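J.: Under UniProt numbering, think of the first position of the sequence shown as 1, with each following residue one higher. Just so it is clear, CB atoms sit at the ideal spot from N, CA and C, and this is done for glycine as well. Everything numeric in this text was worked out from a predicted model, so none of it was measured.
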Amino acid sequence: MTMTSNAASGHPSAIQVSRRHLLAGGIAAGLGIGTLAGCSDPTKEANTAERNVGAKLPTYTPVDLVQPDLPGNEVLMSGYYTYPRHPKRVFDKPPASGLDQIKIMYPTFVPTPPGASKNKFYAQFQDNVGCTLNIRAISSPDYPAAFQTTIAGGDVPDLCMFPRPTPDEPRVMNKLFCDLGPYLAGDAVKDFPYLAAMPPDTWRMTVSNGSVYAVPQPRPVAPQAIFVRLDLAEQLGLNPEPGGYDEFHELMRGFTDKKARRWASASPRPVINFIGMMLGAPNNWSEEGGKFTYQLADERCIDAIQRVAGMVKEGLFHPDSASIVYDKIRTVFYAGQTGLLGDGAVGWDLFVRQLGGPVDGAKKLGMINAPKENGGGDARHYAGTSVQAVTVIKKDLGEDKTRKILNFLNFLATPIGSREHLERKYGVEGSDFTWVDGLPTLTKMGTSEFMDVQYITDSMTTIGPGPKLGVDRQYAWHKRASADPLRDPTVGLYSDTYSRKGATLNELINNATNDVIYGRKPISTLTDAYQDWRKKGGDKIAAEFAESLAAESKR
């Protein structure tokens, strides 16, 4: 099972931003798209399952500028201990030179840094791009509502993250955003070699109306992890590597001390997912013989929720967990008020930075692989969509501007071994970063000026570069988590009903789950919620996924 967290996206299993604030129907109404129902709908035929699964994806062409210390493969990230000290530029000229500006809107997971006039990191980044960047970075939980308001007001930015689910997604895509197929499909992507280095799996989530409509933000196959404060576990005499459910429960109890204002975790949702993996519950959906079944029909999913409800009653979660905001979940972990943090696996560098730096911080941080409930090895880890989110370009900007914006995204995807990567990740040498033990390391100023533009797009994720301890620890976790991942069978499939009703249906399930977790209603009400979900669109979503799978099987 994969329960929605504060960092989850619109596809049933993608990780991204909170769905709580996405007001279903707002975009469609604001655009007047609903009035299209009585006339010809150009997307009705364009967005069929047959056309989407047959969409031509960009030709995959890997790029290796430097050899990794720990080899990766199509599901395992490469690991690096060192960073090239004098990498060369791979762009002959700034990618967007000739443009006046690019208007950008994307969700951020860090405090908004100062503007370019007071921020050397920002100023250098803008100079490297070659035009003014009019950036509107919005706190991730607020992004879906901000996107709706912006789009409904007609002020579509040149470049933005597209939240999912978005009601009537195909029509919104067709009406407002550029079909990128002519620029990226097949060998056309070779004009943008660093976008071409993204594997095919990352592009599957960019398809709409039978074509590529977006650029992915690539992520590893195992996107979510339970992080553990190893230093606290050691102080308390706890085992940070539980071999089964009982040992995990004991770890949570061991961290909790109300008098010391310390709890096991600040968010129940990642723990539900973690226990779901232990129990072998499905990853959102299960599929057998072409039939799709939602997770709440599986007793193991109900069991995981019930166990976490018991943990909440036991007092193992932070007292603000019912209303705590995303940033505070991390803050209390950094402060040692919680021992566990459910978050994106790629957040390691950010977390160790907050815990004392890449060396000292790595000594305090660990990652827990989910064990089988009764021991006997690792459980199957839930696979994600291979993307954090997708980024779209405004329609009708003209070929020249569209190509330059794509080249800007190509610039954002430059990998380790390029000067562009170094300056994009670390800013200005001397003020934003210095070299420490052969690694670029953010200074205090660099930390305050840091721009998380990886949430626009990025190169393929790597482990490191960083000190050997931290890289080895992450690599070991990812190697185990990606050994036999449990995939959501709906990833890459399309449901029109989900695009229109997904937010409302997700809210229905989330509310029912919260009522059970926090003791407001009995566990039996989840069955009622599931039946309500089915009647209001869930069964139709399952049927549409089956249709999409059948079309793919004929491909």
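Which same chain residues end up closer than 7 angstroms to Asn128 when comparing Cβ atoms and leaving out the 5 residues on each side of it in sequence?
T.: As a first step, residue 128 is located in the sequence shown; it is residue number 128 there, counting from the start. Once the five neighbours on either side are set aside, the close Cβ partners of Asn128 are Pro94, Glu420, Glu423.
J.: Taking the alpha-carbon positions, what's the Ala529 to Ala512 distance?
T.: Taking the sequence shown and counting its residues from 1, one reaches residue 529 at position 529. Taking the sequence shown and counting its residues from 1, one reaches residue 512 at position 512. About 6 angstroms.
J.: Specify, as a first and last residue, the run of the alpha helix (DSSP H) that Phe248 falls within.
T.: Numbered from 1 along the sequence shown, position 248 holds the residue referred to as residue 248. That run of the alpha helix (DSSP H) goes 245-255.
J.: Mark Asp64 as exposed unless 16 or more other C-beta atoms lie within 10 angstroms of its C-beta, in which case mark it buried.
T.: Indexing the sequence shown from 1 puts residue 64 at position 64. Answer is exposed; the Cβ neighbour count stays below 16.
J.: With H, G and I counted as helix, E and B as strand and the rest as coil, what does DSSP make of Thr462?
T.: As a working note, residue 462 is residue 462 in the sequence shown. The answer is coil: DSSP assigns Thr462 none of H, G, I, E or B.
J.: Give the single residue among Glu74, Phe450, Gly315 whose Cα lies nearest to the Cα of Pro62.
T.: By 1-based counting over the sequence shown, the position of residue 62 is 62. Here the closest residue by C-alpha is Glu74.
J.: Could you pull out every residue in the same chain whose Cβ sits closer than 8 angstroms to the Cβ of Leu486, ignoring the five residues on either side in sequence?
T.: Walking along the sequence shown from the start, residue 486 turns up at place 486. So the list reads Met277, Pro282, Asn283, Arg380, His381, Tyr382, Ala383, once near-sequence residues are dropped.
J.: Can you give the Cα-Cα distance for Glu287 and Pro489, rounded to whole angstroms?
T.: By 1-based counting over the sequence shown, the position of residue 287 is 287. By 1-based counting over the sequence shown, the position of residue 489 is 489. Using only the alpha carbons, I get a separation of about 6 angstroms.
J.: Report the option in Arg171, Gln354, Leu409, Thr414 whose CA atom is closest to the CA atom of Ile456.
T.: For the purposes of this step, residue 456 is identified with residue 456 of the sequence shown, where counting begins at 1. The candidate whose alpha carbon is nearest that of Ile456 is Leu409.
J.: To the nearest angstrom, report how far apart Arg171 and Glu314 are at their CA atoms.
T.: For the purposes of this step, residue 171 is taken as residue 171 along the sequence shown, with counting starting at 1. For the purposes of this step, residue 314 is taken as residue 314 along the sequence shown, with counting starting at 1. Approximately 48 angstroms, taken between the alpha carbons.
J.: To which residues of the same chain is Ser495 closer than 6 angstroms at the C-beta, ignoring the five residues directly before and after it?
T.: Here residue 495 corresponds to residue number 495 of the sequence shown, with the count starting at 1. Taken in chain order, the residues that qualify are Ile541, Glu544, Phe545.
J.: Whose C-beta lies closer than 7 angstroms to the C-beta of Thr414 among residues of the same chain, with five residues either side of it excluded?
T.: Taking the first residue of the sequence shown as 1, we reach residue 414 at position 414. So the qualifying residues of the chain are Val90, Tyr194, Glu420, His421, Ser459.
J.: To the nearest angstrom, how far is the alpha carbon of Gln354 from that of Lys364?
T.: For this step, residue 354 is matched to residue 354 along the sequence shown. For this step, residue 364 is matched to residue 364 along the sequence shown. Gln354 and Lys364: Cα-Cα distance of roughly 11 angstroms.
J.: Taking the continuous alpha helix (DSSP H) assigned at Phe274, which residues delimit it?
T.: Within the sequence shown, numbered from 1, the residue matching residue 274 stands at position 274. Here the alpha helix (DSSP H) through Phe274 covers 268-279.
J.: Do you know how far the Cα of Lys103 is from the Cα of Gly26?
T.: Start at 1 with the first residue of the sequence shown, and residue 26 comes out as number 26. Start at 1 with the first residue of the sequence shown, and residue 103 comes out as number 103. Below a pLDDT of 50, predicted positions are generally treated as unreliable, and Gly26, at 31, falls in that range; no measurement from the model is reported.
J.: Given that a residue counts as buried once 16 or more other Cβ atoms are within 10 Å of its Cβ, and exposed if not, what is Trp435?
T.: Locating residue 435 in the sequence shown gives position 435, counting from the first residue. When all chains shown are included, Trp435 counts as exposed.
J.: If you measure between the beta carbons of Leu232 and His478, is that distance less than 9 angstroms?
T.: Counting from one through the sequence shown, the residue named residue 232 turns up at place 232. Counting from one through the sequence shown, the residue named residue 478 turns up at place 478. No, these two residues do not count as a Cβ contact at 9 angstroms.
J.: Among Ala362, Ile275, Ser499, which one has its Cα closest to the Cα of Asn369?
T.: Numbered from 1 along the sequence shown, position 369 holds the residue referred to as residue 369. That would be Ile275, whose Cα lies nearest to the Cα of Asn369.
J.: With Val212 and Leu176 assumed to form a contact (beta carbons below 8 angstroms), what rounded beta-carbon distance in angstroms separates them?
T.: Taking the first residue of the sequence shown as position 1, residue 212 is located at position 212. Taking the first residue of the sequence shown as position 1, residue 176 is located at position 176. Not confirmed; about 16 angstroms, so no contact.
J.: Take Lys190 as the anchor and find which of Ser140, Pro467, Lys521, Leu406 has the nearest alpha-carbon.
T.: Within the sequence shown, the letter at position 190 stands for residue 190. The shortest Cα separation from Lys190 among Ser140, Pro467, Lys521, Leu406 belongs to Leu406.
J.: State the DSSP-derived secondary structure class of Phe91, mapped to helix, strand or coil.
T.: Locating residue 91 in the sequence shown gives position 91, where the first residue counts as 1. In the structure shown, Phe91 sits in coil (DSSP, three-state: anything other than H, G, I, E or B).
J.: In whole angstroms, give me the CA-to-CA distance for Ser482 and Ala197.
T.: One-based indexing of the sequence shown puts residue 482 at position 482. One-based indexing of the sequence shown puts residue 197 at position 197. Answer to the nearest angstrom: the Cα atoms are 20 angstroms apart.
J.: Run through DSSP, which three-state label would Ala297 get?
T.: In the sequence shown, the residue the question calls residue 297 occupies position 297. In the structure shown, Ala297 sits in a helix (DSSP, three-state: H, G or I).
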